[in-house]
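Protein chains in written order, with the numbering used here: chain B, 1 to 252; chain W, 253 to 536. Cβ atoms here follow ideal geometry from the backbone N, Cα and C, with glycine treated the same way. What follows is one structure encoded as structure tokens, with my remarks underneath.
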């Protein structure tokens, strides 16, 4: 694990175990994410990337281990999970926008309902965010009228609407047509450059190399190799990582 | 890095948290128990402390009269059950037919579609009790050959007429809830409209509407008791006869409890079907 010595980590996962019945999906994961760091999780489907992100966002109960956010153990059942989730934003593979609400309503939902901002303030901030993701003119449209790439940019704006400490991105380009992937990744690159702390599961190796500070390779529910993006992606030490990357690169 | 075997054993921390969660769960159960007991006690006290309670208890909850009326009411209930089963089958067939007719496309079918729509509008709007009177007393009044004047048959017919209108709408909602892309997929495979309906749309639709259908059948179960207004000696009528001879309302309470006992398994079945449908679609 590459440690960033100067500062205390924003997120620190220790010995995380998650089972579905008998199946061990995460078999003891350790992960540290420093402030302004972009951590990319790579690995085959079913290696546990998504489950790890869901566990961190407390969308799944964990079976063992700890999740520490800003020094606070949020996996403790005595800690209010709803409050902890307010410091994290998550974007899903399938966008998961609410189809019965306009784009602006999607983006301002949490600020208004959870954070009790008044409507004009929330709307103003919502329009700002939509402008930032390049969709100012779509504020009053409904999600189904938007392309996949646009929907995913709205979903990112929605996750940013309450300025979370940590942004979790779960294969956010996997459901997109190839020509729409770029617009979403450009946005993530901008967020990374502006200093957002991001944990991202992805299959986009080129993007990972360019933007990630740290790359973690998951296999069978554990991180078996992690380090600087260049090192892991071009000169992996572990045999399984080499195999995985060969398979990925041999794709036409 | 942890070895697989070690990952399976819980750490002390996880053990402690598991114990905490369990103790919270036990606490919730305890609170539920105490609150239920208190609630029941208050309810019981409020009822029994009311000034008219002794008289109400005597005329509605007389054990001896209730017990004596049980055989006659059970015999009536057996009639309700038979009516229920036959009506359910007929309602399913007629409802599905109506729904299918209402979703027919093409101008040729306009008269049939209009007829089905009119039927549904009419029988969903008419109060069941009025349909019972019209069918039960009006039909035999026509003095046509072949029309029975058996109140059970006529009452059953009225139930079928009304309930198939409701069931038809449930089916239609189910048919329309099947995504158009399913129709496109079936059509592109070369299936015609009828094959698409039978093999693709109806199987998906009926799975989706099972919970709503079961809900309608729970309603039908108790409405079977309404055939008594035509003079059929079912559970309600049997109770009424007992009430008239004993000047005591307990037989109604007995009949009511029997209907509830009949409805409970159906309600649980409906819950189970809802749950299963949700699980299959990955919602749970």
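Where does residue 121/B sit, in a helix, a strand or coil, going by DSSP? Helix at residue 121/B.
According to DSSP, simplified to helix, strand and coil, what is residue 93/B? Residue 93/B: coil per DSSP, three-state reduction.
Is residue 173/B buried or exposed, if buried means 16 or more other CB atoms sit within 10 Å of its CB? So residue 173/B ends up on the buried side.
DSSP beta-bridge partners of residue 18/B: As DSSP reads the structure, residue 18/B sits in a beta bridge with 26/B.
Taking DSSP's pairing of strands, which residues face residue 64/B in a bridge? Paired residue(s): 17/B.
Residues of the stretch 65-76 of chain B with Cβ closer than 9 angstroms to any Cβ of chain W, in chain order: Taking 9 angstroms as the Cβ-Cβ cut-off against chain W, the residues of the stretch 65-76 of chain B that qualify are 65, 66, 75 and 76.
Specify the secondary structure class of residue 217/B as computed by DSSP and reduced to three states. Here residue 217/B sits in strand by DSSP.
Assign residue 150/B to one of two classes, buried (16 or more other C-beta atoms within 10 Å of its C-beta) or exposed (fewer than that). Using a 10 angstroms sphere on the CB of residue 150/B, the tally of other CB atoms reaches 16 or more, which defines it as buried.
With 16 other Cβ atoms within 10 Å as the buried cut-off, status of residue 177/B: With fewer than 16 other Cβ atoms within 10 Å, it is exposed.
Just mark residue 108/B as buried or exposed, buried being the case when its beta carbon has 16 or more other beta carbons within 10 Å. With 16 or more Cβ atoms within 10 Å of its Cβ, residue 108/B is classed as buried.
Do residue 526/W and residue 455/W come within 7 angstroms of each other at the CB atom, strictly closer than that value? The Cβ atoms of residue 455/W and residue 526/W lie no closer than 7 angstroms to each other.
Where residue 237/W falls, given that 16 or more other Cβ within 10 Å makes a residue buried: The requested residue 237/W does not occur in the structure, where chain W is confined to residues 253 to 536.
So, is residue 24/B buried or exposed, given that buried needs 16 or more other C-beta atoms within 10 angstroms? Counting Cβ neighbours within 10 Å, residue 24/B comes out buried, since at least 16 surround it.
Do residue 162/B and residue 111/B have their C-beta atoms closer together than 7 angstroms? Between residue 162/B and residue 111/B, the C-beta spacing is below 7 angstroms.
Checking the sheet assignment: what are the DSSP bridge partners for residue 228/B? Beta-bridge pairing links residue 228/B to 214/B.
7 angstroms Cβ cutoff met for residue 380/W and residue 414/W: Yes.
What is the DSSP secondary structure of residue 266/B, reduced to helix, strand or coil? Look at the range of chain B in this structure, 1 to 252, and you will see that residue 266/B is not part of it.
Counting Cβ pairs, one atom from each stretch, are 3 or more of them under 8 angstroms apart for the stretch 164-173 of chain B and the stretch 88-105 of chain B? As far as the Cβ criterion goes, the stretch 164-173 of chain B touches the stretch 88-105 of chain B, which means the pair count is three or higher.
Where are the alpha helix (DSSP H) runs, 4 residues long or more, that stay fully inside the stretch 443-499 of chain W, in chain order? For the stretch 443-499 of chain W, whole alpha helix (DSSP H) runs of length 4 or above, ordered along the chain, are 454-475 and 487-498.
Should residue 241/B be labelled buried (16 or more other beta-carbon atoms within 10 Å of its own) or exposed? Buried is the call here.
Measure the alpha-carbon distance for residue 531/W versus residue 274/W and round it to whole angstroms. Rounded to whole angstroms, residue 531/W and residue 274/W show a C-alpha spacing of 26 angstroms.
Candidates 344/W, 319/W and 417/W: which alpha carbon is nearest residue 505/W's? Comparing Cα-Cα distances from residue 505/W to each of 344/W, 319/W and 417/W, the minimum goes to 319/W.
Between 493/W, 466/W and 496/W, which lies nearest to residue 341/W when the distance is taken from Cα to Cα? Ranked by how close their Cα comes to the Cα of residue 341/W, the residues 493/W, 466/W and 496/W have 466/W in first place.
What is the residue span of the beta strand (DSSP E) that residue 168/B lies within? Element bounds for residue 168/B: 166-170.
Answer yes or no: do residue 423/W and residue 351/W have a C-beta to C-beta separation smaller than 7 angstroms? Between residue 423/W and residue 351/W, the gap from beta carbon to beta carbon is short of 7 angstroms.
Return the bridge partner residues of residue 199/B from the DSSP annotation. Answer by DSSP bridge pairing, in chain order: 39/B and 168/B.
Helix, strand or coil: how does DSSP classify residue 287/W here? It is helical.
When you check each C-beta in the stretch 6-26 of chain B against every C-beta of chain W, which residues fall closer than 7 angstroms? Listed in chain order, the positions of the stretch 6-26 of chain B with a beta carbon within less than 7 angstroms of a beta carbon of chain W are 15, 17 and 24.
Contact list for residue 219/B against chain W, beta-carbon separation under 8 angstroms: None at all; the shortest Cβ gap to chain W is about 12 angstroms.
If you check the beta carbons only, do residue 372/W and residue 426/W fall under 7 angstroms apart? Against a cut-off of 7 angstroms, the Cβ pair of residue 426/W and residue 372/W comes out as no contact.
C-beta atoms of residue 329/W and residue 496/W nearer than 7 angstroms: For the 7 angstroms CB-CB criterion, residue 329/W and residue 496/W do not form a contact.
When the Cβ atoms of the stretch 440-448 of chain W are set against those of the stretch 302-318 of chain W, are three or more pairs found closer than 8 angstroms? The stretch 440-448 of chain W, when compared against the stretch 302-318 of chain W, does not touch it at the 8 angstroms Cβ threshold.
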